[in-house]
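Protein chains in written order, with the working numbering: chain X, 41 to 388; chain U, 41 to 388; chain S, 41 to 388.
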Amino acid sequence: MKSLRQLAEISGSEVQGDEQLQISGVATLQNAREGQISFLSNPKYRKQLETTHAAAVILSPKLAADYSGNALINNDPYLAFAKIVNLFHAPEAPQANRHPSALVAADASIGENVAIGANVVIDSGVEIGANSKIGAGTVIGENTRIAAGALVHANVSIYPDIQIGKNVIIHSGAVIGSDGFGFALQADKSWYKIHQVGSVIIGDDVEIGANTSIDRGALEATLIGNGVKLDNQIQIAHNVHIDDHTIIAGAVGIAGSTTIGKRCQIGGAVGIAGHLAIADDVIITGKSMVISSIKEAGVYSSGIAAEENRKWRRNAARFRHLDEMAKQLKELQNIAKQNRNNQNLASD
Amino acid sequence: MKSLRQLAEISGSEVQGDEQLQISGVATLQNAREGQISFLSNPKYRKQLETTHAAAVILSPKLAADYSGNALINNDPYLAFAKIVNLFHAPEAPQANRHPSALVAADASIGENVAIGANVVIDSGVEIGANSKIGAGTVIGENTRIAAGALVHANVSIYPDIQIGKNVIIHSGAVIGSDGFGFALQADKSWYKIHQVGSVIIGDDVEIGANTSIDRGALEATLIGNGVKLDNQIQIAHNVHIDDHTIIAGAVGIAGSTTIGKRCQIGGAVGIAGHLAIADDVIITGKSMVISSIKEAGVYSSGIAAEENRKWRRNAARFRHLDEMAKQLKELQNIAKQNRNNQNLASD
Amino acid sequence: MKSLRQLAEISGSEVQGDEQLQISGVATLQNAREGQISFLSNPKYRKQLETTHAAAVILSPKLAADYSGNALINNDPYLAFAKIVNLFHAPEAPQANRHPSALVAADASIGENVAIGANVVIDSGVEIGANSKIGAGTVIGENTRIAAGALVHANVSIYPDIQIGKNVIIHSGAVIGSDGFGFALQADKSWYKIHQVGSVIIGDDVEIGANTSIDRGALEATLIGNGVKLDNQIQIAHNVHIDDHTIIAGAVGIAGSTTIGKRCQIGGAVGIAGHLAIADDVIITGKSMVISSIKEAGVYSSGIAAEENRKWRRNAARFRHLDEMAKQLKELQNIAKQNRNNQNLASD
């Protein structure tokens with residue numbers, strides 16, 4: 041139980057209403073029960089404010105003005121809510137514990153208060169920083185170094201010689217350090233594998249989603265900056281650099297040697313070709329196809345929204361004649377111009 | 041060995057030809073050998089009927105009329121065939137068995153006839169229903185409950201506090217219950233993680249493909265209805281609801297808080313944005329991009345089919361001037377209209 | 041240390057400059073230090089030739105003519121470099137070794153010089169060829185056969201009854217042999233599972249990327265030819281055939297029963313529909329949507345490149361009226377033609 045006043049302090053909000061109101065937990069507007077606090081950030085859900093049973097709601101000053109119930113007022117209700125969620129649901133600090141089935145190489149260096157789950161495999165020369173938790177079935181290859189505060193979930197695969205910063209979260213099924221996709225074509229049309237001898241270097245405060253893969257560099261390192269957040273099912277190819285605080289949604293693919301700037305936001309299922317440079321503060325909307333570098337901050341998009349199949353068939357069929365259409369249009373413009381000239385001539 | 045008559049009964053078909061014909065197994069039209077039964081469902085393969093060595097073929101009444109060989113006649117040859125495949129290849133019922141290397145928490149509750157593979161990790165408070173099979177290397181987190189009849193393949197990762205219904209099949213590499221992708225932007229442009237305290241609730245008769253990931257809800261549960269079938273490499277974000285009997289092909293991504301109705305069919309590599317509602321009985325063709333809600337049943341599509349690169353370059357280049365083209369077209373229409381009016385005037 | 045002469049011999053190159061120059065390793069042009077050799081293949085990076093500290097550079101004859109430093113001259117600098125990388129970074133041959141925690145069925149057949157990692161599970165009837173390495177946590181199902189020279193990384197899942205050729209590399213998180221996605225619709229709109237009784241047959245010299253999945257065939261085998269290279273996060277559905285030396289980049293999805301010819305190159309995030317046939321020597325550029333068969337070798341593409349969001353909105357909105365635009369254009373052409381005819385008539 042926390043008072044509304046306490047929650048205001050934690051989240052940097054103003055109280056509207058009863059400061060001593062006791063709050064037992066967090067919930068959505070729609071499902072909040074007595075004693076719970078909720079928030080409204082997406083105006084799409086504004087109607088729910090009228091019917092919510094939440095004891096208090098976190099609101100922007102503007103929305104709070106129209107709301108007569110108990111509220112926390114904050115310019116960023118979502119961030120304020122996040123802080124309150126984390127107060128009620130703080131993850132437990134790991135306790136020093138090594139499951140008897142864990143296989144930790146004799147020369148691995150394990151920090152203080154590290155919890156190592158069942159069937160974890162930690163190879164020779166590995167370092168794990170203090171206050172980390174390694175989930176069951178995770179395999180960490182030789183000489184990989186993971187700094188303090190890591191939360192690595194079950195069944196993660198980390199190849200040898202990888203460097204991972206502080207307070208990193210890695211979800212199940214993620215693979216870090218697999219070979220980059222490098223082959224040279226031989227005269228007989230078979231492919232000659234180029235051994236991938238680079239590494240992956242991951243900064244602090246990075247989160248890596250379930251089943252995401254990050255390939256090691258061909259010669260140098262694939263780089264993931266500080267504070268980068270990667271969702272599930274992402275493919276990051278060799279030699280990619282992703283700079284600090286960039287956030288990437290699920291199912292994105294980034295081809296080799298592309299660099300992405302700071303604070304970018306990349307929507308789900310975007311595909312980015314190789315050897316490109318994306319500037320800082322670029323936002324790319326979902327499912328876009330990026331095949332050239334982006335030099336300026338801004339919002340970029342491609343893709344056509346789904347429509348009724350019958351209409352789509354007709355429009356898509358026309359697309360294949362678009363160049364022809366453009367030429368025909370040009371021709372008609374020329375005729376119109378000619379006619380205008382003739383008329384001008386005639387009226388002279 | 042089964043007689044054609046027996047197969048007719050099992051599949052609800054009529055026999056055409058020799059009821060006592062002995063059938064030894066199932067095969068495709070193209071590769072069937074003596075004694076095997078096949079089927080024809082896709083008219084694309086109709087020619088194979090002329091050359092097949094199948095002892096009998098399952099056909100629609102219409103196709104059977106033109107076929108002189110032994111046949112089972114059924115309005116739905118594919119479904120009839122499926123039933124016969126399953127007759128010849130019924131999966132074995134699991135036998136009570138716990139591999140000595142399996143690590144099952146003392147307070148986990150394991151039903152009757154449950155087979156637990158090598159190196160399985162079952163945490164405290166987990167419940168596994170009767171007649172289930174848990175594949176080697178699978179990890180099941182605390183307090184997760186899996187109902188009877190589950191078939192969980194090797195190396196699956198199930199997080200804590202997940203609920204899974206009866207007769208569910210989960211393929212290798214699937215991840216269920218990873219954190220939803222929720223971050224609030226802070227003033228310094230870094231991302232503040234919102235702990236994901238919801239769950240995943242999965243209905244009965246669900247199948248989940250290899251390397252598919254389903255995130256847990258932010259506050260409540262991500263919901264997968266009864267009879268939902270999910271292919272491989274699918275990403276399902278937090279708070280998504282997928283209603284009963286919807287089927288989703290591989291490599292689809294569904295962003296957070298989107299709801300999908302009953303009996304939908306979603307093609308491969310479709311991307312669906314967040315916070316949308318898709319009605320019941322919606323079909324979305326492969327690789328479509330869905331960025332607004334779909335309110336009525338029907339077939340929806342987007343995407344342009346690949347064409348020869350040279351043509352594509354020209355058409356795609358024109359697309360970037362489509363708005364301009366539309367304006368020029370409008371202008372020409374206005375001129376044409378003007379001319380017509382002038383002519384009318386002149387002829388008055 | 042190798043002399044430039046030795047490297048020339050290994051890579052089939054000519055020496056330009058000091059044959060006795062000692063080379064200690066490989067690096068990129070940008071980061072090469074004293075004693076290292078680099079290469080220039082992509083003309084995009086040509087400028088780096090002026091500033092590199094590489095002791096020697098592998099160059100095409102044309103570029104070498106303008107370069108005064110030590111060089112290896114080769115018509116294919118990338119392939120020559122690959123061979124030299126592999127000389128300096130040859131993977132160690134596996135040594136016979138079985139981690140005490142590995143669980144190998146008594147009747148499994150393990151060749152000579154096979155290294156089996158911690159917590160590996162090898163089921164009954166499995167065969168592993170000589171000189172193979174099986175990474176920690178990998179699970180290999182009953183009766184699967186893997187030929188000599190395999191390198192299977194950690195946490196791979198291989199289902200029962202799969203056949204894998206010689207010198208195959210499989211990366212972490214890959215899943216081979218999961219059920220194809222086969223369901224028949226029943227009258228009550230629920231889906232009836234068709235047991236997938238086929239296999240997967242993988243040729244020699246195949247590489248399979250991290251978190252890639254290959255489903256087993258419905259009745260026969262999903263086939264992956266010799267020398268095929270598959271990147272990460274690829275989905276290959278049941279009954280797909282991929283012929284020899286085809287290379288497929290990350291995040292591609294290939295739907296059921298499609299066949300792909302020899303020596304094809306498929307870019308990242310391409311989606312290929314089911315039941316299609318792609319000819320030999322087809323190149324498909326990244327993120328294309330393939331929904332009909334491709335009968336001739338060549339380069340094929342689709343997709344629209346991302347542009348500034350404001351422009352995209354306008355162009356994409358017009359796309360939905362493209363059919364209408366085409367009709368209006370046709371109408372204007374008819375008017376123009378009519379006018380021309382009238383003028384001709386008038387001038388007769």
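Even glycine gets a Cβ: it sits at the ideal position worked out from N, Cα and C. Computed from a predicted model, the values in this text were never measured in an experiment.
Residue span of the beta strand (DSSP E) that contains residue i, given as start and end
i               : result
I264 of chain X : 261–264
D255 of chain S : 253–255
V125 of chain S : It is not in any beta strand (DSSP E) - V125 of chain S instead sits in the alpha helix (DSSP H) that spans 117–128.
K351 of chain X : Premise fails: K351 of chain X lies in the alpha helix (DSSP H), 349–359, not in any beta strand (DSSP E).
S218 of chain S : 215–218
A224 of chain U : 223–225
V166 of chain U : That residue, V166 of chain U, is in no beta strand (DSSP E); it is neither H nor E in DSSP.
S341 of chain U : 338–341
8 angstroms Cβ shell around residue i - same chain, five flanking residues per side excluded
i               : result
V82 of chain S  : Before going on, a small fix: residue 82 of chain S reads as Asn here, not Val. None.
R86 of chain S  : L80, L103
Y118 of chain S : F79, S81
N272 of chain U : H211, G249, A250, N251, T252, G290, A291
E347 of chain X : N355
6 angstroms CB neighbourhood of residue i in its chain, flanking five on each side removed
i               : result
D284 of chain U : G265, N266, G267, K302
E247 of chain X : I209, K269
V144 of chain S : I162
V160 of chain U : A142, I174, T178
G75 of chain S  : S64, A95
T299 of chain S : H281, A317
A158 of chain U : H139, S141, A176
Element boundaries [alpha helix (DSSP H), containing residue i]
i               : result
K377 of chain S : 362–387
A111 of chain U : From DSSP, A111 of chain U is part of no alpha helix (DSSP H) but of the beta strand (DSSP E) over 111–113.
I16 of chain U  : Since the displayed chain U opens at 41 and closes at 388, residue 16 of chain U lies outside it and no answer follows.
S51 of chain U  : 44–51
A104 of chain S : 101–105
T91 of chain U  : 88–91
Residues near residue i in its chain [Cβ-Cβ closer than 7 angstroms; skip 5 each side]
i               : result
S53 of chain U  : I98, L112, I113, N114, A120
Q88 of chain U  : L69, Q70
I234 of chain S : G222, F223, A224, A258
Inter-residue CB distance, residue i and residue j (contact presumed, cutoff 8 angstroms)
i               : j               : result
I318 of chain S : S333 of chain S : 7 angstroms
N349 of chain S : V339 of chain X : 4 angstroms
N195 of chain U : S197 of chain S : 5 angstroms
G308 of chain X : G293 of chain X : Actually they are not in contact, since the Cβ atoms of G308 of chain X and G293 of chain X sit about 11 angstroms apart, beyond 8 angstroms.
Residue-level contact to chain C via CB, residue i, 7 angstroms cutoff
i              : result
K42 of chain X : The structure shown has no chain C; the protein chains it does contain are X, U and S.
Which of the residues in the stretch 210–224 of chain X, read from start to end, lie with their CB under 7 angstroms from any CB of chain U? Answer set for the stretch 210–224 of chain X: H211, S212, G213.
Give, in chain order, every unbroken run of the beta strand (DSSP E) that is at least 3 residues long and sits entirely within the stretch 53–83 of chain X. 54–56, 76–79
Below 9 angstroms between beta carbons is the criterion; list the residues of the stretch 254–266 of chain X that meet it against any residue of chain S, in chain order. I254, D255, A258, L259, E260
Segments of 3+ residues assigned as beta strand (DSSP E) that fall wholly inside the stretch 243–326 of chain X: 253–255, 261–264, 322–324
Along the stretch 232–253 of chain X, where does the CB come closer than 8 angstroms to a CB of chain U? Name the residues. D245, E247, G249, A250, N251
Name, going along the chain, the residues of the stretch 124–151 of chain U whose beta-carbon falls closer than 9 angstroms to a beta-carbon of chain X. S141, L143
Which residues of the stretch 104–125 of chain S have a Cβ closer than 8 angstroms to any Cβ of chain X? Give them in chain order. D116, Y118, L119, F121, A122, K123, V125
Using a Cβ cut-off of 7 angstroms, which residues of the stretch 291–312 of chain X contact any Cβ in chain U, in chain order? A291, R303, G308, A309
Listed from N- to C-terminal order along the chain, which residues in the stretch 61–93 of chain U have their beta-carbon within a distance smaller than 8 angstroms of any beta-carbon of chain S? V66, A67, T68, N71, N82, K84
Short of 8 angstroms Cβ to Cβ, which residues in the stretch 323–345 of chain S face chain X? G326, K327, G343, I344, A345
Check each residue of the stretch 363–387 of chain U: if its Cβ is closer than 9 angstroms to any Cβ of chain X, include it; give the result in chain order. M365, Q368, L369, E371, L372, I375, A376, N379
Pull out every residue of the stretch 175–208 of chain S whose Cβ sits closer than 7 angstroms to any Cβ of chain U, in chain order. G177, V179, N195, S197
Tell me which residues of the stretch 48–62 of chain U have at least one Cβ-Cβ distance to chain X shorter than 7 angstroms, keeping chain order. none
Mind listing which residues of the stretch 267–285 of chain U have their C-beta closer than 7 angstroms to chain S's C-betas, in chain order? If you check each beta-carbon in the stretch 267–285 of chain U against every beta-carbon of chain S, the ones closer than 7 angstroms belong to G267, K269, D271, N272, Q273, H285.
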